[in-house]
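Reviewing the structure listed below.
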Amino acid sequence: MTMEKIDVVIVGAGFAGISAVYKFKQQGLKAVVFEAGSGVGGTWYFNKYPGARCDTHSMEYSFQFSEELQQDWEWSEKYATQPEILEYLNHTVDRFNLRKDIKLNTRVEKAIWNQSDSIWEVSISSGELFLADYLVMATGCLSKPNFPNINGIDTFSGEVFHTSRWPEIKPDFTSKTVGIIGTGSSGIQCIPIIASEAKHLIVYQRTPNYSVPARNEGLSQDFVANIKSRYRLFREDNYKQGFGLNLPLNDVSALDVSEEERNKVFEKQWQKGGLGFLTSFNDLLFNMESNYHAQQFIRNKIKTLVKDPDVAEKLMPRTPLACKRLCVDTGYYETFNRKNVELVDIKTNPIDLIKSNSVIVGNQEHVLDTLIIATGFDAMTGALTNIEVIGKGGVSIKDKWKTGPSAYLGIAISGFPNLFMITGPGSPSVLSNMVPSIEQHVNWISDCIEYLRNKNFTSIEADLNAQKSWMEELNEISDQTIYPHCQSWYLGTNIKGKKQAFTAYLGVPPYIDRCKEVVESGYEGFSLSK
Ligand code: NA7
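Right, here's the structure in full:
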């Protein structure tokens, strides 16, 4: 067996792994990225379903580590498509000559912390073993697919596609009857497109979701030139906003204005499109009554957009707005006005059985050619617990997190020295603009490694007490919000047997300050050893 000693092993070649390997190489570290996929891109490599696109503005959902890159790259639309994002990531990899540092089709099978040598022993799918001073988990928040456990699903003999494992060759839906299970962001993005191609589309909806129109458009030269003329400042300003996104908050309570004024503000945001709907007022995420007004506004929109009142009623969510991730769509609700689209409520009547060519719901049998599974992910922790990572005392992350995930700053885990997570549980991650959050973590980890090497420390480990207080603080914040008030992947309730826990830190600016303070205090909350 070959055994190579390097400085850093990075797991995953999405936005996080790519920016990490770039940064570590810049500081002179020997780093390698292992990626299970056959191409770079992580979630943007695997989620190739029709209509997949980012719902953060493209000029914000991009790297800032190279001024030249951000000046040169031309995004074509306000919301970039999956192919364009993948092209961007491939361009970045080639531009900075990173391809040779990324081993594709390679899965990290196991990583064991060797306490006596202060080193990670990393086994990969080829059978090779790597020894690394540091292990960086760039495994993504939404990467391990969730497959539904529906009676008979394995017996379906037609085509089956999971949105997050979409095939390279585009499936042909023409003259086919297609069924889709799941109406989260993935379902909501692909349903209008598949509906326009298929002979018949049956949408199996368990819980209706709120969606706001994207109002996607091409980017004008003036708009692009304006941002590019002040890109660095634009990025800095965005880091100062709650979600780290350029979504200016209307700092007024929805309860402090008249109904007429409230609806005027909601309407303005609805017409503007996108996630800015959440910042229409300052308390939509904190006050149920304010949130209710926003819910009502969207329910009324659904009533107007969907012609059949029964279908409209079924599409209306009753949960707090944004408690499940708010979706952004192009023509989603209108799609249910098409004659070839049928909505089946599987909350009231769950799917009883899937047979070789059909789905049985109550006394109805729907004969299908194709079944699409849009049931999301084992989010936040799934990719981390999927790998056998064994820390001090022979304990794995999976075992450690059986009672719920816990991490310090969302970067480190007590009992796992020299292991860093990028946008791990406990950091703003999915409640922020992912790419800048990734880069903030990469910079923090890079500085930390530099510090350790300069001071001859061989290991760094999060203190259990610091970790506990951090998670308590996170929970105190989230308990003041609407997030714990419905079943969602934010809480992990979509995965059977998973311990319910909210793991995203709300508030990018205070989070960044805390990360800085930890460094300035000489890594408070960590134990450093020589
Ligand atoms: P989501 O948002 O988790 O949506 C999954 C959907 O699948 C949702 O409607 C679920 O209903 C439904 N689902 C899940 N399991 C089942 C079973 N067993 N039976 C029927 N329906 C089921 O995943 P997405 O991929 O759409 O989006 C994930 C994130 O990626 C998204 O928020 C963006 O941030 C990017 P439920 O609500 O659980 O009743």
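If you read the sequence shown in my numbering, its first letter stands for residue 28, the second for the next number, and so on. Beta carbons are placed, not taken as given, at the ideal position from N, Cα and C, and that holds for glycine. Keep in mind the model is a prediction, meaning the values are calculated, not measured.
Sequence-distant residues of its chain with Cβ nearer than 8 angstroms to residue i (five each side left out)
i	result
residue 192	73, 172
residue 313	507, 508, 509
residue 557	483, 484, 485
residue 515	350, 351, 352, 521
Beta carbon proximity, residue i to chain C, threshold 8 angstroms
i	result
residue 142	The structure shown contains no chain C, having only a single protein chain.
Pairwise C-alpha distance: residue j and residue i
i	j	result
residue 88	residue 389	44 angstroms
residue 263	residue 458	18 angstroms
residue 196	residue 268	40 angstroms
residue 366	residue 109	29 angstroms
residue 235	residue 497	34 angstroms
residue 259	residue 402	38 angstroms
residue 411	residue 331	43 angstroms
residue 376	residue 272	40 angstroms
residue 82	residue 105	9 angstroms
residue 206	residue 243	27 angstroms
residue 222	residue 396	14 angstroms
residue 226	residue 138	48 angstroms
residue 180	residue 37	35 angstroms
residue 78	residue 522	25 angstroms
residue 535	residue 468	12 angstroms
residue 444	residue 114	36 angstroms
residue 594	residue 30	Residue coverage of the chain in this structure runs from 28 to 557, which leaves residue 594 outside it and unanswerable.
residue 56	residue 478	13 angstroms
Beta-carbon proximity list for residue i, same chain, < 7 angstroms, skipping 5 on both sides
i	result
residue 430	526
residue 309	276, 277, 278, 279, 280
residue 141	148
residue 425	412
Closer than 7 angstroms: residue i CB and nearest the ligand NA7 heavy atom
i	result
residue 179	no
residue 233	yes
residue 220	no
residue 450	no
residue 457	yes
residue 166	no
residue 387	no
residue 240	no
residue 427	no
residue 210	yes
residue 351	yes
residue 193	no
residue 213	yes
residue 514	yes
residue 329	no
Where residue i falls, given that 16 or more other Cβ within 10 Å makes a residue buried
i	result
residue 80	buried
residue 336	exposed
residue 341	buried
residue 546	exposed
residue 240	buried
residue 200	buried
residue 320	buried
residue 189	buried
residue 345	exposed
residue 455	buried
residue 182	exposed
residue 512	exposed
residue 432	buried
residue 265	buried
Contacts around residue i, its chain only, beta-carbon distance under 6 angstroms, and the 5 residues preceding and following it disregarded
i	result
residue 40	60, 62, 67, 129
residue 364	334
residue 405	171, 173, 522
residue 348	237, 318, 321, 322
residue 399	188, 207
Proximity test, residue i beta-carbon vs the ligand SAM heavy atom, cut-off 7 angstroms
i	result
residue 485	This structure does not include the ligand SAM; its bound ligands are the ligand NA7.
Item checked: Entirely enclosed alpha helix (DSSP H) segments - the stretch 91 to 136, minimum 4 residues -> 94 to 99, 109 to 122
Item checked: Entirely enclosed alpha helix (DSSP H) segments - the stretch 240 to 324, minimum 4 residues -> 248 to 255, 258 to 266, 286 to 299
Next item on the list: At 4 residues or longer, and completely inside the stretch 188 to 229: list those alpha helix (DSSP H) runs for me, N to C.
Entry: 212 to 224
Next item on the list: Mind listing, in chain order, the continuous beta strand (DSSP E) runs of no fewer than 3 residues lying wholly within the stretch 340 to 375?
Entry: Taking only runs of at least 3 residues, the beta strand (DSSP E) segments lying wholly in the stretch 340 to 375 are 354 to 356, 368 to 372.
Margin query: Threshold first: 3 residues or longer. Then list the beta strand (DSSP E) segments lying entirely within the stretch 398 to 448, N to C.
Written below: 415 to 417, 446 to 448
Margin query: As an exercise, report each continuous beta strand (DSSP E) stretch of at least 3 residues that is fully enclosed by the stretch 149 to 192, in chain order.
Written below: 156 to 164, 186 to 189
Notebook entry, point to check: Where in the stretch 472 to 530 do unbroken runs of the alpha helix (DSSP H), each at least 4 residues long, occur, reported from the N-terminal end onward?
Noted result: The stretch 472 to 530 contains, as complete alpha helix (DSSP H) runs of 4+ residues, the segments 491 to 506 (chain order).
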